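Residue numbers (the working numbering), protein chains in the order written: chain W, 1 to 337; chain X, 1001 to 1221.
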């Protein structure tokens, strides 16, 4: 097979007016970038903080805003801001409602519905606790905002399921199509889910520290397990299909190229390994637990953001054609049949 | 059932880019959006160096990942296999662009282009319904449609699709080397099926993506 010129396809040659489209070279996706990384992070934290607060029964005692637990307020704000960033990033923001249409196949539609269901149901759940000017106008609603009765528990479960989808769907959006091999892996939504959960536990611990409440040993163990799981998932993803066209270029950029420092120190060391170690240390050191929880939060949240940003930035399409390597159409409806 | 498809004999292509320009003219695609270009590259070493040409366009996949990813339903696959983008329904999420292995979708950003404004077709007197395919919406994604408007026009007027110039994609009509053939892949007697049979079947780009393209190739470099 003959060599392809370095100026082929989308290179710098004078004939290459189709710079960023059809290409004979591996092509970096530039469609989604920092806005999407912020959105992915806020959705992860938003869904996760609600879930962690409810599962660990930490909604009470960590402060209130207008009668609503601080943990829930943080969750709602993160998801609302994340959603607003997403809508603003659309080419046609005023048509955003159409994102709900294709639930049959589109993970973005699933995400849109999950965001909406979460905000509506979780909002309804805490509504009886809303306090405005000393009065609670919705206190007559017949459920416990902390899920202590049947109605409250039902709302809590629905909101919790929606929160899990909110935490995961961004990864699923990336992982489903085969176009970008680095994204096309179950490890991507798993990373997003674990990262979201770890960030959320850390944020809840931060709220506890600010509220002057003790951080429990169990929370630190949970955080350690989540961060360790994230470490294993990240390593597994890096080691899988390393020679696949497109994935190889992604790994080069991540491990040897311009994103090496950010990935190695920001995501891997700072965003997964160090928090795992610190959390396990903190589980057995009650005196330093608050400080360690604070450090974990400071490491995990930026680490989670960089994980998402770098996942987007190393999304590389393989060449549309590798000279000398054609392939049959495969099966389905054969030509002429 | 009709399933429109295109066979491109890459060995015949002379790299004149007439298809590129014919498509641009026919569809008035937004600035920077090229629905049907020809990729050129050099291979080999002097004195055995060669220029290679590869005409590319939307593959109109049977399992189209762009249709699957699109949240708004703007991308649809017609019964005849053509994948269409409804720019009025598109929200500009660009999920299709990350899902397409071929880079066949184009986002129309507002960069002061000279393309037709994104107003309803009926509100633009210079763009009658006959030329609605030339109207592009800012903030939306557009793509090759196999010149579906010409195919539909041909079918409505009893013209043979893939043969009559008014019922055949512009890139096919204009190709001086006749390297593009268009027709019904489900009809064993059609020009495309016959051509594929003569060449022991076609090949596709990015077979690893498993998208079952309707655009197939013979003579791939």
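Ideal Cβ positions, reconstructed from N, Cα and C, are used throughout, including at glycine.
Source: prediction; values computed, not measured.
Are there 16 or more other CB atoms within 10 angstroms of the CB of residue i, so buried, or fewer, so exposed?
| i | result |
| --- | --- |
| residue 286/W | exposed |
| residue 276/W | buried |
| residue 1020/X | buried |
| residue 102/W | buried |
| residue 184/W | buried |
| residue 283/W | buried |
| residue 1184/X | buried |
| residue 1091/X | buried |
| residue 1009/X | buried |
| residue 1040/X | buried |
| residue 1082/X | buried |
| residue 268/W | buried |
| residue 1080/X | buried |
| residue 257/W | exposed |
| residue 308/W | buried |
| residue 1212/X | buried |
| residue 1209/X | buried |
| residue 1137/X | buried |
| residue 65/W | exposed |
| residue 1119/X | Low per-residue confidence applies at residue 1119/X: pLDDT is 45, beneath 50, and the placement is therefore not dependable enough to give any value. |
| residue 1174/X | buried |
| residue 46/W | buried |
To the nearest angstrom, how far is the alpha carbon of residue i from that of residue j?
| i | j | result |
| --- | --- | --- |
| residue 1123/X | residue 1203/X | Reliability fails at residue 1123/X, whose pLDDT of 40 lies under 50, so the model's placement of it is uncertain and the value that follows must be treated cautiously. So the alpha carbons of these two residues sit roughly 44 angstroms apart. |
| residue 1201/X | residue 1191/X | 13 angstroms |
| residue 232/W | residue 1214/X | 41 angstroms |
| residue 293/W | residue 226/W | 14 angstroms |
| residue 1078/X | residue 1064/X | 11 angstroms |
| residue 96/W | residue 79/W | 16 angstroms |
| residue 1172/X | residue 1193/X | 16 angstroms |
| residue 230/W | residue 195/W | 6 angstroms |
| residue 1116/X | residue 1199/X | With a pLDDT of 49 at residue 1116/X, under the threshold of 50, the modelled position of that residue is not reliable, and the figure given next carries that caveat. Between residue 1116/X and residue 1199/X, the C-alpha separation is close to 42 angstroms. |
| residue 1061/X | residue 1069/X | 13 angstroms |
| residue 1017/X | residue 1168/X | 18 angstroms |
| residue 1143/X | residue 154/W | 46 angstroms |
| residue 1139/X | residue 90/W | 8 angstroms |
| residue 253/W | residue 1012/X | 37 angstroms |
| residue 1087/X | residue 304/W | 35 angstroms |
| residue 161/W | residue 1025/X | 51 angstroms |
| residue 1217/X | residue 77/W | 52 angstroms |
| residue 100/W | residue 114/W | 10 angstroms |
| residue 274/W | residue 255/W | 19 angstroms |
Using the three-state DSSP reduction, which class does residue i fall into: helix, strand or coil?
| i | result |
| --- | --- |
| residue 1157/X | coil |
| residue 254/W | helix |
| residue 101/W | coil |
| residue 107/W | helix |
| residue 1005/X | strand |
| residue 1191/X | helix |
| residue 380/W | Examination of residue 380/W is not possible in this model, given that chain W is present from 1 through 337 alone. |
| residue 69/W | strand |
| residue 1018/X | helix |
| residue 1184/X | strand |
| residue 1047/X | coil |
| residue 1083/X | strand |
| residue 135/W | strand |
| residue 169/W | helix |
| residue 1149/X | helix |
| residue 1027/X | helix |
| residue 286/W | helix |
| residue 1077/X | strand |
| residue 24/W | coil |
Taking residue i and residue j to be in contact with their CB atoms under 8 angstroms, please state how far apart those CB atoms are, rounded to whole angstroms.
| i | j | result |
| --- | --- | --- |
| residue 40/W | residue 192/W | 7 angstroms |
| residue 236/W | residue 279/W | Not really, about 21 angstroms apart at Cβ, beyond 8 angstroms. |
| residue 245/W | residue 1043/X | Actually they do not touch by this definition, with Cβ atoms about 18 angstroms apart. |
| residue 1089/X | residue 1073/X | 6 angstroms |
| residue 108/W | residue 38/W | Actually they are not in contact, since the Cβ atoms of residue 108/W and residue 38/W sit about 16 angstroms apart, beyond 8 angstroms. |
| residue 1098/X | residue 112/W | In fact, because the Cβ distance is near 17 angstroms, the residues do not count as touching under 8 angstroms. |
| residue 52/W | residue 201/W | 5 angstroms |
| residue 320/W | residue 1163/X | In fact, because the Cβ distance is near 29 angstroms, the residues do not count as touching under 8 angstroms. |
| residue 71/W | residue 221/W | Contact doesn't hold; Cβ gap of about 20 angstroms is too wide. |
| residue 159/W | residue 116/W | Not really, about 12 angstroms apart at Cβ, beyond 8 angstroms. |
Is the Cβ of residue i closer than 8 angstroms to any Cβ of chain B?
| i | result |
| --- | --- |
| residue 1085/X | Reference to chain B is not applicable here, since the protein chains of this structure are W and X. |
_chain W contacts made by the stretch 1145-1172 of chain X, where a contact means CB separation under 8 angstroms_ = none
*Which residues, taken in chain order from the stretch 1192-1211 of chain X, show a beta carbon closer than 9 angstroms to some beta carbon of chain W?*
From the stretch 1192-1211 of chain X, only 1192, 1193, 1194, 1196, 1197, 1201, 1202, 1203, 1204, 1205, 1206, 1207, 1208, 1209, 1210 and 1211 have a Cβ closer than 9 angstroms to chain W.
_So if I threshold CB-CB distances at 7 angstroms, which residues from the stretch 1010-1027 of chain X count as touching chain W?_
none
*Residues, ordered as in the chain, of the stretch 81-112 of chain W that lie near chain X by beta-carbon distance below 7 angstroms*: 90, 91, 92, 95, 96, 98, 99, 101, 102, 105, 106, 108, 109 and 112
_Under 8 angstroms, CB to CB, which of the residues in the stretch 314-325 of chain W have a partner in chain X?_
315, 317, 318, 320, 321, 323 and 324
_Please identify, using Cβ separations under 7 angstroms, the residues of the stretch 179-211 of chain W that lie next to chain X, in order along the chain._
179 and 180
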